[in-house]
Each structure stands twice: as C-alpha cells, then as structure tokens.
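Enquirer: Dropping a structure here in structure tokens format, bear with me for questions.
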Amino acid sequence: MLRYILQRSGYMIVTLFIIVTITFFLMQLLPGTPFSNPDKLSERQLELMEEKYGLDKPVPVQYITYIGNLLQGDLGLSFQYEGRTVGSMIGERIGPSALIGGQAVVIGLLLGVVLGVISALKHNSFLDYGSVFIAVLGMSIPSFVFAALLQYYIGVRLEWLPAALWKDYSHSFLPSIALSVLVIATVARFIRTEMLEVLGQDYVNTARAKGIGEVVVILKHVLRNALIPVVTVLGPLAVSIMTGTLVVEKIFAVPGLGEQFTLSILVNDYSVIMGITLFYSALFIFIVFVVDILYGVLDPRIRITGGKNDG
Amino acid sequence: MTDTILSVDNLDVSFQTYNGVIKAVRGVDFDLKRGETLAIVGESGSGKSVTAKSIMQLLPKKTTMIDEGSITYENENLLNYSRKEMEKIRGKEISMVFQDPMTSLNPTMKVGKQVVEGIRKHQSLTKKEAYNRAQELLELVGIPNAKERMDAYPHEFSGGMRQRVVIAIALACNPKVLIADEPTTALDVTIQAQILDLMKDLQKKTGTSIIIITHDLGVVVNMASRIAVMYAGEIVETGTLEEIFYNPQHPYTWGLLQSMPKMHQDRSVPLIPIKGSPPDVSNLHDGCPFAARCPYVMKVCHDHVPDKEQVSETHSVSCWLQDERAPRIKQPDFTGGDHVVQTKTR
Ligand SMILES: Nc1ncnc2c1ncn2[C@@H]1O[C@H](COP(=O)(O)OP(=O)(O)OP(=O)(O)O)[C@@H](O)[C@H]1O
Ligand SMILES: [Mg+2]
C-alpha cells in the first residue's frame, strides 16, 4: 500500500510538470501583452518593463527560470498589481472559493444521495420519475443559468438571501446552491443506478433472509455498496465545480479565485493565469489521487489486488 | 404438536410484468414433516425458487401477487404476517441458502460480521459472545482457521468455502426449517458432495427440517426422504424417494429419470433428454402443461387439467394416464432404483 502511494505520488509530480510545460508554452501564444496600455508606453519604458519581468530573454530561458522558481515554491510576480506575488494573491482569494465549493460538494452529496435512494426505492413511481427529471435538468442546464435564476428570484425578488457580494456567511449560500445543482443531479442519477443494481443482488436477499430489518439492509448492505462507485465521479465533479466557480463567482461578485482568474485573463496577467492554472491542476490531480486511495479503502476486493501487485 | 412443521396449500403466485402476467406457481401443495428432507425437483423456470421465496416472503412486493393459498408454519399462516413479524421468522425459524455462493455474500463486509449480524438480530448476546458463536459456527461448517477467517472478505474464499459460510449464516440461530435453493448447482462435483454431506451432518446434529431444491435428481438421492416433482409452476408428482425412483407415474418424472446418469450403467448407453422445452408460463392454455412434450399425450390432455390422484397414501400424481379409461402403457426402462439401493446399503 505504501509503495502504491509513493508510486502514485511520483506520477502526480510528472503529470504536474507536463501541465506546467504545456501551459507555459500555450501562454506564449496568447495575443497581446500583459501591460495595460502598451500604446501609451514609450519604446524605452516597454524595454525597461520587459527587462524587469524577464520578458526580454529568449523563451527557453524564461521557461527554465520559471521552473527554477517554481521548485522553490515561487509562482512569480503579478504583472497587474505592482509588487504582489502570485502566491499571496492565490492565498488571499482561496478562502471564498473553498467555502462555496466545499459547501456545494456537501449539499450536493447529501441531497444527491437522498434523492437517488428515494428514486431507487420507489423505482418506477411518480417520485422516481420526478427525481430523474430533476436530475436530467440539473445535468443539462449549466450552473450559471441557475446562478442567474437564484440571484434574481431568491436574492432580488424575494430577498430571502443576499443577491451578491461577500460580507458575511449568508452571502455564500446562493453561490453554493447554484454550484451544487450539478453535483446533486450527478450523484442522484449515479446512486439510483447503483442502488437498483445492488438491490437485484443475491446478497441483499441473504441479508433479508437473516431477518435483518429493511432499513438496516438498505443502509448497511445496499447503500454502502452503491456508494463505492460514486467515489469515481468525485474527480470529474471537482472539475465541474472548479470551472463552475469561474462564472458563478463573477455573477455573485464573490472575491474568489475564479473571479481573479477571469480578471487576469482579461488583462493578460500571465503569471497569475499560470499560477491559478497550476493550482487548479494540482488540486485536481490530488483529488484524483485521494479518490483512488479511497476506492481501495472502501472496496476490499481492490485493496487486496493493489496490495498483492504493489508489494 | 403435529408432525408437520410447514405446509404450503394451493399456492398461486404470479408476477405483473411489462409483457403481461406470469403465473410462476400454480396450485402448489406440499407438507414438510419435522426433521425430514423434502426435495423439490424440476427444470429451470418451473417455479422452484419462486415457491421458496414466497415462503420467506422475499419476492418483490410491488410486482408479486399471491392470489390464493396459504403457507402455514407452526399453525400460523405466514401470508398474513406483517413485515416486522416476518423478520422474526426469517433466520430464526426458517432460513434460506441461495443458489450461487459467489454472489450471495456481501462483498464489502467481513465474513465474520455477516454471520454475527444474524446472531445479534435474534439472540440477545453481547458483541463478544456473538462473535465467539460465529466463530464456532464457521468451525462447525468446516472452515479451517476459523478465527483468522472471521476477518476475511468473501472474495478471499473459494466457492465451496463461501457456500459453507452461507450455510453457517443460515444455521446461526438454529432454525427449524432450512430451505436450500440449489445449494450445490454452482459448485464442482467434488465440492457438491462435500456440501451435501455437511448439510446431512448438520441435520443430524440439529434436527432441522430441510427443503432442498434442485434440478438434478442425483443430488436428491443421498438427501431426501420425499420428492416433489415440479413442472411449469405445478407439482405434478409427489412421493417418497422409493416411490419416485421405483414406481414413478408421471411421464415427466420418467423423463427426468431417463435423463439422469446411472451409477452402474454402461457408458455407451446414451442418456435420453426430454424433448422440447418448458412452456411459456406467461401464456398457458387449458390442459396439462406437459401435454406438448409428452410422448403419451391423449386428446383429453390438451383440453382438461388432470386431477390429483392418490397412488398410495404418500404418493400422488396429476396425469390423465391415471384415469381408468386411459390405455395401459408400458413404462420406459429407467433403472432408477439403482441409486436408492446404493444409499440404502450405505
Ligand atoms: N420477480 C420476478 N418477476 C417476474 N417474473 C419472475 C420473477 N421471479 C421469477 N419469475 C419467473 O417465474 C418463473 C419461475 O422462476 P423460478 O426462479 O422459480 O424458476 P426455478 O424453478 O427456480 O428455475 P432455476 O432452476 O433456473 O432456478 C420464471 O419464468 C421466471 O422468469
Ligand atoms: Mg431457482
């Protein structure tokens, strides 16, 4: 198991390195320059600026410098904000994003599981069709549509919750809910399919034949086994939440990482774009890694084969 | 206290499906005596599992219709029991072993825990006591290193060992009735014999009454004292082991016996399969369900269902050949007695 984890960590670093390289060179292809008004700058001023940020050097040299700095944990300086490091900017912005993303996952998992379980237990009933319908809607309508609807109806018309900005905790509700819709829908659909599959298994009847109550059978035998494969969608879900925050934070004016990212793209703030891209990639790779380990922990069949193959 | 512990009377079970109603079990009648082993034999799809699951009430509530009949256990009709009341019966009074040991254990739960679960449901033991009892049970069913194996998961066991675990689970609370639904069908021949021996052994120790379901008459020879032959949802013939093997009356039973390999038979003599396939139970018409495949079919067979006739006190059959107006026919040769002699001398 330990060897397995080490091996996976090695892969993670290699993957991350490849992502750094690709993003770095893609960034060179972006049109425009990071300086807000290049036309108004004199030739000399531009040269000075480029020298300051190291943009006068050939691209391969810039790349090596960047990697060198990165290895020391230095993501560079922002072009847009004088004297701000990318690292400190991410640190400052991560809080709100983590809060709404985390809440979206928690709400999504809880409601998704409940909806999926009801759907499976009331298979082919009105309730089932209802929740399948909701799930399909949730999966096909992008989160910014929900964001806009929630903002207008709940925030502006009904005034139940703050419509935008980031003042106190209650400001996190609407963005979290908007982001969670996709999670609810995905998890509900997945749980429903898995539950139906498990409900048809012989071992469920073995459990019932022992005289165990139906609630315990559902929780301990059916749901537990149905939940394992759901772990596999956590990776893709994390991605959709990350991309979701880009737009949702913009709509609700949440001072999060996503909003910073969109801002930076608009003004070609190379180093910040790079930094945030790397941060998102690292986070995603880490989640996939955790999911992998978790899958092994939850499913004894995988745990054992993993152990045998990897020492 | 009567000597009948479980009796199924005139049971009709049908399923509501998209393709219409399937009448899986029709008018099934049988008694199980205390301490005996009754075998239900029949082809795939004849309704054996449905009968067993109706006793345990494990059929899906929404689509199953038990239109008629009763299932009497210790003078109570189980069909009138609520879900809660049924939970007290399952595992404690009546247990069931399923066909495929590869799928009948929960893959993500330790084997020991799966045994403990049933024990704790029905007996007020502490965790520790239940755990010890579970370990004893695993030893009883012949699992080596029971103590260590308690913490193993099902995939770490072979098929035969898993079926032993399933049997341990079924016997955990000393049930009075054990229903074994094709307990050896999914296993190798040598393992089959071991499992059957184990069941016989345990029956001797505990006095449990057993219903063993199989499509293989060979399995029955060493186990059962009485046999019910099932065809297309009906019991077409019932009798003691000797009556079914020495004096079978139903052409379907003849077919079963002929298609069975004999102990002392010359291997060059081919086995004779029963021609045709079982009828579609969603589309049954009047008459005897076996009529379409029966070599001795008469006109009446297609139009009217034969009544149940008593051949002896313990032997009954539903076949028009029993009617006094039917022609006397010579029974085919099925040297079935072979097997019985074998066991009797053992
Ligand atoms: N839940 C169900 N819904 C609909 N039809 C069912 C259901 N369970 C069983 N049946 C049908 O009932 C008939 C009898 O099935 P059953 O499982 O009792 O056969 P069996 O005698 O046990 O056969 P096998 O030897 O293959 O186990 C079959 O036609 C089967 O398709
Ligand atoms: Mg069956």
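These protein sequence lines map, in sequence, to chains Y and F.
Okay, so the first sequence: first residue is 17 according to the numbering used here, each after it adds one.
Okay, so the second sequence: first residue is 3 according to the numbering used here, each after it adds one.
No residue lacks a Cβ here, since even glycine has one placed at the ideal position from N, Cα and C.
Quick one: what's got a C-beta closer than 7 Å to A120 of chain Y's C-beta in the same chain, skipping five residues either side?
Expert: Cβ within range, chain order: S192, L195, S196, V199 and I257.
Enquirer: Specify, as a first and last residue, the run of the alpha helix (DSSP H) that G26 of chain Y falls within.
Expert: L18 to Q44
Enquirer: Who are the near neighbours of P76 of chain Y in its chain, counting only those whose CB is closer than 7 Å to its CB and skipping five residues on each side?
Expert: none
Enquirer: What residues from chain F crowd round E230 of chain Y, counting only those whose CB sits closer than 9 Å?
Expert: R85 and E89
Enquirer: Taking 6 Å as the limit between beta carbons, can you name the residues of its chain near K332 of chain F, skipping five residues before and five after?
Expert: Contacts found: none.
Enquirer: Counting along the chain, where does the alpha helix (DSSP H) carrying F142 of chain Y start and finish?
Expert: Note, F142 of chain Y: alpha helix (DSSP H), F142 to S156.
Enquirer: Since D9 of chain Y meets chain F, which of its residues come closer than 8 Å, beta carbon to beta carbon?
Expert: Chain Y is shown only over 17 to 327; residue 9 of chain Y falls outside these bounds and no answer can be derived.
Enquirer: Check whether the Cβ of P103 of chain F sits closer than 8 Å to any heavy atom of ligand 1, and report yes or no.
Expert: no
Enquirer: Please give the ranges of any alpha helix (DSSP H) in the region 206-231 of chain F, keeping only runs that are unbroken, at least 4 residues long and fully inside the region.
Expert: 219-223
Enquirer: Which residues of the region 160-171 of chain F have a Cβ closer than 8 Å to any Cβ of chain Y? Give them in chain order.
Expert: V168 and I171
Enquirer: How big is the Cα-Cα spacing for L86 of chain Y and Y155 of chain F?
Expert: L86 of chain Y and Y155 of chain F have their C-alpha atoms some 46 Å from each other.
Enquirer: Rounded to whole angstroms, what's the CA-CA distance from L253 of chain Y to R208 of chain Y? Just pull it up for me.
Expert: 17 Å
Enquirer: Can you say whether N82 of chain F is buried or exposed, counting buried as having 16 or more other CB atoms within 10 angstroms of its CB?
Expert: An exposed status is given to N82 of chain F, since fewer than 16 other beta-carbon atoms sit within 10 Å of its beta-carbon.
Enquirer: What does DSSP give as the partner residues of R327 of chain F in its beta bridges?
Expert: DSSP, once it has assigned bridges, lists no residue as partnering R327 of chain F.
Enquirer: Are any of the Cβ atoms in chain F nearer than 9 Å to that of T222 of chain Y?
Expert: yes
Enquirer: Would you say the beta carbon of D183 of chain F is closer than 8 Å to some non-hydrogen atom of ligand 2?
Expert: yes
Enquirer: Rounding to the nearest angstrom, what Cα-Cα distance links G235 of chain F and T208 of chain F in this structure?
Expert: 32 Å
Enquirer: K324 of chain Y CB to nearest chain F CB: under 9 Å?
Expert: Here the model assigns K324 of chain Y a pLDDT of 41, short of 50, so the residue's position is not dependable and the matter cannot be decided.
Enquirer: Could you tell me the boundaries of the alpha helix (DSSP H) in which S135 of chain Y lies?
Expert: V102 to L137
Enquirer: Would you say S97 of chain F reaches chain Y, if we count a Cβ-Cβ gap shorter than 9 Å as a contact?
Expert: yes
Enquirer: Taking Cβ-Cβ distances shorter than 7 Å, what residues in chain F pair up with L315 of chain Y?
Expert: Note that residue 315 of chain Y is Asp in the sequence shown, not Leu. By Cβ distance, chain F contributes T110.
Enquirer: Tell me where the alpha helix (DSSP H) around L142 of chain F begins and ends.
Expert: K129 to L142
Enquirer: Check the C-beta distance from D183 of chain F over to Q125 of chain F and give it rounded, since I have them as a contact under 8 Å.
Expert: 25 Å between Cβ atoms; not a contact.
Enquirer: For Q61 of chain Y, which three-state DSSP category applies?
Expert: Of the three classes helix, strand and coil, the one that applies to Q61 of chain Y here is helix, per DSSP.
Enquirer: The alpha helix (DSSP H) that contains Y219 of chain Y, what's its start and end?
Expert: D218 to A225
Enquirer: Taking N284 of chain Y as the query, report the chain F residues whose CB atoms sit under 7 Å from its CB, ordered along the chain.
Expert: Neighbours of N284 of chain Y on chain F: none; closest Cβ ~51 Å, over 7 Å.
Enquirer: Using DSSP's beta-bridge definition, name the partner residues of M98 of chain F.
Expert: F:I181
Enquirer: Within the present structure, is the beta-carbon of A26 of chain F separated from the nearest heavy atom of ligand 1 by less than 8 Å?
Expert: yes
Enquirer: Does K226 of chain Y have its Cβ less than 9 Å from a Cβ in chain F?
Expert: yes
Enquirer: Which residue marks the beginning of the alpha helix (DSSP H) containing T81 of chain Y, and which one marks its end?
Expert: V75 to L87
Enquirer: Taking the beta carbon of G107 of chain Y as the centre, do at least 16 other beta carbons fall within 10 Å, making it buried, or is it exposed?
Expert: exposed
Enquirer: By how many angstroms is the C-alpha of E87 of chain F removed from the C-alpha of V304 of chain Y?
Expert: 47 Å
Enquirer: Any beta-carbon of chain F closer than 9 Å to the one on R24 of chain Y?
Expert: no
Enquirer: Determine the closest residue to K277 of chain F out of F:P253, F:M300 and F:K202, with distance taken between C-alpha atoms.
Expert: It is F:P253 whose Cα lies nearest to the Cα of K277 of chain F.
Enquirer: Quick check on DSSP: helix, strand or coil for M290 of chain Y?
Expert: helix
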